[in-house]
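*Asks:* Take this structure, written in structure tokens, and hold onto it; I'll ask about it next.
Protein chains: 2
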Amino acid sequence: MFRVPDKVVARLSLYRRLLSALAAENVEYVYSHQLAKAAGASAAQVRRDVMIVGFTGSPTRGYEIRELIKAIGRLLDAADIQEVALVGVGNLGRAILAYFAGRRPNLRIAVSFDKDPAKVDRVIHGCRCYPIEQLQTMVAERQIDTAIVAVPADQAQHAVDLLVGTGVCGLLNFAPVRLRVPPSVFVEDMDLTTSLEKVAFFARRQASLQEQQR
Amino acid sequence: MFRVPDKVVARLSLYRRLLSALAAENVEYVYSHQLAKAAGASAAQVRRDVMIVGFTGSPTRGYEIRELIKAIGRLLDAADIQEVALVGVGNLGRAILAYFAGRRPNLRIAVSFDKDPAKVDRVIHGCRCYPIEQLQTMVAERQIDTAIVAVPADQAQHAVDLLVGTGVCGLLNFAPVRLRVPPSVFVEDMDLTTSLEKVAFFARRQASLQEQQR
DNA sequence: ATATAATTGTGATTGTTTTCACAGCGTTAG
DNA sequence: CTAACGCTGTGAAAACAATCACAATTATAT
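From first to last, the protein sequence lines stand for chains A and B. What the first sequence shows, in this note's numbering, is residues 1 to 214, in sequence order. What the second sequence shows, in this note's numbering, is residues 1001 to 1214, in sequence order.
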């Protein structure tokens, strides 16, 4: 099983969404440069990425959209349904639930956990909340390998230890801390603070650049 | 003004948080390898990054924490307060407000906008919500250059056009679409769907790898 | 039938980011 | 006073990612 760089996976996910939108408008074929424009990438990049999924287009028609969507799915998606666990059903956790509610049926947040008894047993955006004590049993039972961490920073490592101990090997982390995990576990950090500081930094640079020009 | 790669900015933001935590415990000095471990980076990387901020440590003591924090601030932070606008006060927007409420006083979400009259004029997590019609006036008046986009996908481009038209040149985008902006505008995409698919992909790979080994 | 035009697939190249490796330097120990 | 240690700062190398550029391909027009 050859290595796929994570940037490529991210772009393929985006391409697929764009392709689905086109398919919904009954467009049948798309050229690399069209897809590139929609995705904010170069045409060469799109062709390279498509090459990685092992799909091939026609020099005259471009890529057949429905087939390309399937090909991307064969690489990205599980054969069956892949369930995701959410830990932490606070403001952010609920927003995440709302966001994913009913999106992709074969990649869905199946269970959530919280330590607050007020949340336990409630069904929020179609997902039942369990007490954190049941995390290991439930995750093991459902063979969940992917989880979203949306607990406060000081509880994140503990939650992750529980998850990893039960076999979870993919984490989407919203807590503003670096998680300690074995190298076999993939962590994607969604660090709002860092991202905002990044944007603020470049915005300020650009603003002062424009001021200089005047 | 020399170029700073955006990955470096992200790491510096992280280092600063880690350093602040150490400073709070009255630690005075830190070695590159210690900071590296906490940040999940290599020691050489930390030293390179510190080099970029133009700070220098001692071969025997390492970096003086309080001074390094200041040095990072001189690069990353605005001289005065930098205000941020939030567009879209739905589930996600409110979670973002809660997340940043009272975090960093000189980088704060000062105003929010929504088209829903039910939200207008309410103060949510310390931030007043204005009708979207007032966006351009308010943003121009307060000279805001940084904004967070948390509206549904189909409204994102319109919101961004308004923002960019008023001089905003840094965007943190939560809408699952590619924004069309002039090249002078910096966009950081927080694409939950893509990130989750990425994590799910690598989790699945790892899981099937471990299965193979058995 | 043949020429034309536009696109794909990909080796080669370029550019960027990370790591290596070591000189130089305070501090400490003998 | 000298040696040894373990760190920083950084040129050089390696690894990684994106782009270029062009042969191969196939529909269309003549």
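We put the CB at the ideal spot given by N, CA and C, even for glycine.
#1: Assuming B/Glu1188 is part of the beta strand (DSSP E), what are its boundary residues?
#2: Less than 8 angstroms between the beta carbons of A/Leu12 and A/Leu76, yes or no?
#3: So, does the CB of A/Lys198 fall closer than 8 angstroms to a CB anywhere in chain B?
#4: Could you tell me the distance, in whole angstroms, from the CA atom of B/Gln1212 to the CA atom of B/Arg1205?
#5: Just to confirm, is the Cβ distance from A/Gly126 to A/Thr146 under 8 angstroms?
#6: Report the three-state DSSP secondary structure of B/Ala1085 (helix, strand or coil).
#7: Look at A/Ala150 and A/Val87 and say whether their C-beta atoms are less than 8 angstroms apart.
#8: So the candidates are B/Ala1044, B/Ser1058, B/Val1004 and B/Ile1065; which of them puts its Cα closest to the Cα of B/Ala1024?
#9: Under DSSP, the alpha helix (DSSP H) around A/Phe55 begins and ends at which residues?
#10: Of the residues B/Glu1028, B/Val1004 and B/Tyr1099, which one's Cα is nearest the Cα of A/Phe174?
#11: Just how far apart, CA to CA, sit A/Arg142 and B/Met1190?
#12: Excluding the five sequence neighbours on either side, which residues of its own chain have a C-beta within less than 6 angstroms of the C-beta of B/Ala1071, listed in chain order?
#13: Could you work out which residue in B/Ser1032, B/Ala1036 and B/Gly1073 is closest to A/Lys198 when comparing CA atoms only?
#14: B/Met1138 touches chain A at which residues, Cβ-Cβ below 8 angstroms?
#15: Return the chain-ordered list of same chain residues with a C-beta closer than 6 angstroms to the C-beta of B/Val1004, the five sequence neighbours on each side being excluded.
#16: Can you find the residues in the same chain that come closer than 7 angstroms, C-beta to C-beta, to B/Leu1092, ignoring five residues on each side of it along the sequence?
#17: Looking at chain A, which residues of the segment 1030-1060 of chain B have a Cβ within less than 8 angstroms of any of its Cβ atoms?
#18: How many Å lie between B/His1158 and B/Gly1167 at the Cα?
#19: Run through DSSP, which three-state label would B/Tyr1031 get?
#20: Please go through the same chain and pick out, in chain order, the residues whose beta-carbon is closer than 7 angstroms to the beta-carbon of A/Ile81, but skip the five residues on each side of it.
#21: List the endpoints of the continuous alpha helix (DSSP H) containing B/Asn1106.
#22: Just to make sure I have the definition right: I need the residues of chain A whose C-beta is within less than 9 angstroms of the C-beta of B/Ser1184. Which are they?
#23: Return the chain-ordered ranges of every alpha helix (DSSP H) run that is complete within the segment 114-166 of chain A and spans a minimum of 4 residues.
#24: Under 8 angstroms, Cβ to Cβ, is there at least one residue of chain A near B/Ser1112?
#25: Could you give the first and the last residue of the continuous alpha helix (DSSP H) run that contains A/Asn91?
#26: Could you compute how far the alpha carbon of B/Leu1068 sits from the alpha carbon of A/Glu133?
#27: Along the alpha helix (DSSP H) that carries B/Leu1179, what are the first and last residues, could you check?
#28: Going along chain A, which residues have a C-beta under 8 angstroms from B/Arg1108?
#29: What does DSSP give as the partner residue(s) for A/Asn67 in the beta ladder?
#30: Alpha carbon to alpha carbon, how far is A/Ala118 from A/Pro176? Give it in angstroms, no decimals.
#31: Span of the alpha helix (DSSP H) holding B/Val1009?
#32: CA-CA distance, B/Ala1203 and B/Thr1137?
#33: Between B/Arg1094 and A/Leu163, what straight-line distance do the alpha-carbon atoms span, to the nearest angstrom?
#34: Taking the beta carbon of B/Leu1196 as the centre, do at least 16 other beta carbons fall within 10 Å, making it buried, or is it exposed?
#35: How is B/Ser1042 classed by DSSP in three states: helix, strand or coil?
#36: Beta-carbon within less than 6 angstroms of B/Ser1032's beta-carbon, same chain only, minus the 5 sequence neighbours each way: which residues are those?
*Replies:* Taking the coordinates as given:
#1: Per DSSP, the unbroken beta strand (DSSP E) holding B/Glu1188 starts and ends at Phe1186 to Asp1189.
#2: yes
#3: yes
#4: 11 angstroms
#5: no
#6: strand
#7: yes
#8: B/Ile1065
#9: Counting along the chain, A/Phe55 falls outside any alpha helix (DSSP H), and DSSP gives it neither H nor E.
#10: B/Tyr1099
#11: 29 angstroms
#12: Val1053 and Phe1055
#13: Just measuring C-alpha positions, the residue of B/Ser1032, B/Ala1036 and B/Gly1073 sitting nearest A/Lys198 is B/Gly1073.
#14: Going along chain A, no residue has its Cβ under 8 angstroms from B/Met1138, so there is no contact; the nearest lies around 17 angstroms.
#15: none
#16: Ala1150 and Phe1174
#17: Ala1038, Ala1039 and Gly1040
#18: 15 angstroms
#19: coil
#20: Asn106
#21: It is not in any alpha helix (DSSP H) - B/Asn1106 carries neither H nor E in the DSSP assignment.
#22: Taking the beta carbon of B/Ser1184 as reference, the chain A residues within 9 angstroms of it are Gln206, Leu209 and Gln210, listed in sequence order.
#23: Correct list: 135-141 and 153-165.
#24: no
#25: Asn91 to Phe100
#26: 41 angstroms
#27: Per DSSP, B/Leu1179 belongs to no alpha helix (DSSP H) and is neither H nor E.
#28: Here the premise fails: no neighbours, minimum Cβ distance about 10 angstroms.
#29: First, the residue type needs correcting, since residue 67 of chain A is Glu and not Asn in the sequence shown. A/Glu67 is not bridged to any residue.
#30: 25 angstroms
#31: For B/Val1009, the enclosing alpha helix (DSSP H) begins and ends at Asp1006 to Ala1024.
#32: 47 angstroms
#33: Roughly 28 angstroms between the two C-alpha positions.
#34: buried
#35: coil
#36: Ala1043, Val1046 and Arg1047
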